[in-house]
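A quick write-up on the structure given underneath.
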Amino acid sequence: MLDKENIPAHVAIIMDGNGRWARERGFARSEGHREGVKRAEEIIEEADAIGVKFLTFFAFSTENWKRSRIEVAVLMRLLDIFLKRNLSRLMKHNMRLRVIGRKEPIPDFLWKHLVSAQSKTKNNTGLTVILAFNYGARQEIVDAAKKIAKEIMAKKARAEDINEESFNSFLYTSGIPDPDMLIRTSGEVRISNFLLWQLSYSELYFPKVCWPDFKRENFQEAILEYQKRARRFGAA
Ligand code: FPP
């Protein structure tokens with residue numbers, strides 16, 4: 001049984017293992033991604049039911065452009081399908097969508113759909129679903145440093161006033177609390193340039209199952225595991 005008083009407010013997920021899942025079944029990699037979208041939809045429902053407030057998915061990294069042209073196209077298309085299929089569901093369940101990442105070189109049509117879904121859902125007050133798309137944590141930190149440098153040059157900020165809190169407000173995740181928990185499926189034990197600043201004190205969890213096999217029960221198990229951890233934030 002889950003302790004309702006100790007639900008992580010923010011869970012971030014690296015949906016890894018789609019390719020391996022497909023290969024093991026003799027399918028094309030795209031089938032793994034397609035099944036992966038279904039799992040994302042299932043986990044959104046479950047997170048909402050449990051009372052999670054922020055749910056972040058690493059859907060496409062800045063490094064993923066190195067994959068084959070076909071796989072990149074499939075991932076772009078799947079995001080588009082996800083948006084089309086889920087916009088009315090997000091509205092019905094009072095959920096907000098937010099995108100973090102760089103615009104370039106995401107195709108214009110897709111960026112428009114992302115921005116539009118974000119704007120249509122912005123006044124909803126329930127679960128916030130955050131899609132990290134064309135996202136890289138080092139790039140995010142560099143972008144924040146550039147914005148701060150510009151503010152200082154324009155005399156809108158002073159270097160001596162920059163602290164962790166103000167730095168936070170220059171990140172793509174401005175206004176979003178740090179993840180309490182990171183889940184990475186498929187048994188890989190790496191952060192892979194995901195939310196490097198924000199994961200400083202997160203509980204890390206690495207289940208062995210590949211993402212297309214990560215069902216509601218696996219998410220509940222992850223939350224149970226979280227509830228066993230004693231979080232100290234550096235204190236004794
Ligand atoms: C990692 O598995 C997965 C990805 C790089 C993409 C994840 C994207 C989706 C599931 C589709 C978009 C999602 C949403 C929510 C719109 P991998 O391909 O690296 O697997 P492998 O390591 O086994 O090859």
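The opening residue of the sequence shown carries number 1 in this note's numbering; numbering runs sequentially from there. In this text, a Cβ means the ideal position worked out from N, Cα and C, and glycines have one as well.
Can Thr62 and Gly17 be called in contact, C-beta distance under 9 Å? Your numbering for residue 62 matches position 62 in the sequence shown. Your numbering for residue 17 matches position 17 in the sequence shown. At least 9 Å separates the beta-carbon of Thr62 from that of Gly17.
For the ligand FPP, is there any heavy atom lying closer than 8 Å to the beta carbon of Arg238? The question about residue 238 has no answer, for the chain in this structure spans 1 to 236.
Same chain, Cβ closer than 7 Å to Pro177, five either side skipped, listed in chain order: As a position in the sequence shown, residue 177 is number 177, starting the count at 1. Around Pro177: Ala9, His10 and Phe54.
Inter-residue Cα distance where the pair is Leu182 and Ile152: Counting from one through the sequence shown, the residue named residue 182 turns up at place 182. Counting from one through the sequence shown, the residue named residue 152 turns up at place 152. Between Leu182 and Ile152, the C-alpha separation is close to 34 Å.
Contacts around Leu114, its chain only, beta-carbon distance under 6 Å, and the 5 residues preceding and following it disregarded: Position 114 of the sequence shown, counted from the start, is the residue given in the question as residue 114. Excluding residues within five positions, the ones whose Cβ falls inside 6 Å are Val99.
My output table needs one value for Thr173: the three-state DSSP class, helix, strand or coil. Here the question's residue 173 lines up with position 173 in the sequence shown. Here Thr173 sits in coil by DSSP.
For His10, does the three-state DSSP call read helix, strand or coil? The residue you call residue 10 lines up with position 10 of the sequence shown. Here His10 sits in strand by DSSP.
What's the gap between the Cα of Leu87 and the Cα of Ser192? Stepping through the sequence shown from its first residue, residue 87 is reached at position 87. Stepping through the sequence shown from its first residue, residue 192 is reached at position 192. Leu87 and Ser192 have their alpha carbons spaced roughly 29 Å apart.
Between which residues of its own chain and Arg34 is the CB-CB distance below 7 Å, once the five residues before and five after are set aside? Mapped onto the sequence shown, residue 34 falls at position 34. Counting only Cβ-Cβ distances below 7 Å, and skipping sequence neighbours, we find Leu78.
Counting only the same chain and skipping the five closest in sequence on each side, list residues whose C-beta sits under 8 Å from that of Val37. For the purposes of this step, residue 37 is identified with residue 37 of the sequence shown, where counting begins at 1. So the qualifying residues of the chain are Leu78, Ile81 and Phe82.
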